[in-house]
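Going by UniProt numbering, the sequence shown opens with residue 1, and the numbers climb by one from there.
C-beta: ideal position from N, C-alpha, C; glycine also.
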Amino acid sequence: MSLNGPEYFLFFLSIILISFCVQIQFCCCLDFLLLFCCFYSNPRPKNFPPGPAALALFGNVLQLSMKNPLEDLDRLARRYGDVFSLYIGRKPAVVLYGLRAVKEALVVRGVDFAGRPQGLMLNHVTENKGLIMANYGSVWKEHRRFALMSLKNFGLGRQFMEERILQETKHICQHLQNRSGNLVDPQPVIHSAASNIISSILFGTRYEYDDEVLAFIINTINTINIYDSFPFLRHLPLPFRKVFENYEALKSHTRRIIADHKKSRTSGEPRDIIDCYLDEMEKADEDTSLDEDRLVMFLLDLHFAGTDTTSNTVLTALLYLAVYRDIQALCQQEIDAVLQDKEQVSFEDRQQMPFVQATIHELQRLANIAPLGVFHSTTRNTQLMGYDVPEGTLVITNLTSVLFERSQWAQPNHFNPSHFLNQRGEFMKPEAFLAFSAGPRVCLGEALARMELFLILVTLLRRFHLAWPEACGGPDLRPVLQLYNCKAFLQ
């Protein structure tokens, strides 16, 4: 068939129009599919905890305030109960609210909820070889046993661990004494001091307060947090992949320290945790999970955890004591009465200081360093308070809801050391004090942290009076989901 000029033009135009219509239909279908994927959420499994409707791609993340999601979780708990569910992206998560729900999961059904969620950013950068985020199993058990044994045998319960902490407090006091009578931001020195204490146990090393390695560690760990919410970012180019380069640099630094230890160590005579680990590697059989790659991640895990949590608790304590000077004065009176002419405090002195102990524990409660705890996951299909929770479900323990539960604390939103005193004025620890979590995954550094907090704070209160600077106006004590930062006036 032959076409003349006008006919050919009309035929060609019709082909273009048909193609255009097909493209429009395809685009409309594609838009519909995208909207369907964004707004359609899969129904929750049968007898799964209830919760709000979720977007399929984003889950409930967009419904939570990134500045302070705790208020949103409170609202959801009031609507759905103490056990409810959310979707974090496509991952279903169960949120536990209040002492009853948290205790049943972590203590009564401890093994069922002893797992850690996989696929988070920390799993990716640690190559699943760390301790804190390691999933429940034989590898975690072997490293947990080693950590508890080495911390106990190498430091905790022994005089020299106490001496190391007290030695570091001398550096803190000297640093602050040089600035006495002036406005002081205690964050850098407290953070460095906490790092030095854990570093002395792990590496046998003390860093200077202005050491760049510590600043590099903190910057790296803070950057990691954003990637846990958006895992796809790990595949994107810079600046998103910068965190991996920083973390690799930290691992290389740690490997160099291990290599130096291997050259200088004497087998059977450990100087620090690295030597203890190398000794255990030599004695272990072929089935052991102990190896140098896991040692690197083990050390970084403990360094991060031992630095950040303790330092932020001390900073919170200094802030509250500077504001509540009446409580500060009562602590100082008890300290002076017990220590009198003693050159320095000892950890054993805490038994004679019930008010100081109560104050420190109340400060830990208010500090609320891990408001949502470390995420858990279920190790098998289980039940919780009448609901079915499948294996591998992400579990969020809202520790804030326990530490501020109205039925557990007389004045949950106030600084009140009497929360930890009985009617006879003796120190007591309520069941709802879960600052270190509970169950099989309870914080393994609890004993060290308690020793550090007592020795550091008692030493500082014995040497200094803390005052909030009037020129700065009233302090804002509302909690924020970031590192605490405060300025105090030292006398």
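- Exclusion of the five residues before and after Ala194 leaves Thr307, Thr310, Ser311 as the residues of its chain whose Cβ lies within less than 6 Å of its Cβ.
- For the pair of segments examined, the region 266-274 was found not to touch the region 95-109: the number of CB pairs separated by less than 8 Å stays below three.
- At the C-beta level, Trp140 and Ala147 stay beyond 8 Å of one another.
- A straight-line Cα-Cα distance of about 16 Å links Ala259 and Phe298.
- Restricting attention to Cys331, His143, Leu457, the CA atom closest to the CA of Thr316 is found in Leu457.
- Cβ contact annotation for Pro186 (same chain, cutoff 6 Å, sequence separation greater than five): Leu318, in chain order.
- If you draw a 10 Å sphere on the C-beta of Gln340, you find fewer than 16 other C-beta atoms in it, and that means exposed.
- Val94 is positioned such that its CB atom lies no closer than 8 Å to that of Thr313.
- Between the region 399-415 and the region 331-345 there are fewer than three inter-stretch CB-CB distances shorter than 8 Å, so the stretches are not counted as touching.
- Of Asp326, Ile88, Gly137, the smallest CA-CA separation from Asp112 is found for Gly137.
- In the structure shown, the three-state DSSP call for Ile88 is strand.
- Each of Gly130, Ala53, Asn153 was checked against the Cα of His143, and the nearest Cα belongs to Gly130.
- Note that the C-beta distance between Phe347 and Phe454 is below 8 Å.
- Under DSSP, Gly392 takes part in no beta bridge, so it has no partner.
- Contact between the region 78-94 and the region 51-64 is present: three or more C-beta pairs spanning the two stretches fall below 8 Å.
- About 17 Å separates the CB atoms of Asn368 and Pro475; that is not less than 8 Å, and the two are not in contact.
- Leu300 is not a Cβ neighbour of Tyr277, given a cutoff of 8 Å.
- Between Val107 and Gly439, the C-beta gap is smaller than 8 Å, which places the two residues in contact.
- Trp468 and Leu460 have their alpha carbons spaced roughly 16 Å apart.
- Going by beta carbons, Glu168 and Ile190 fall outside the 8 Å limit.
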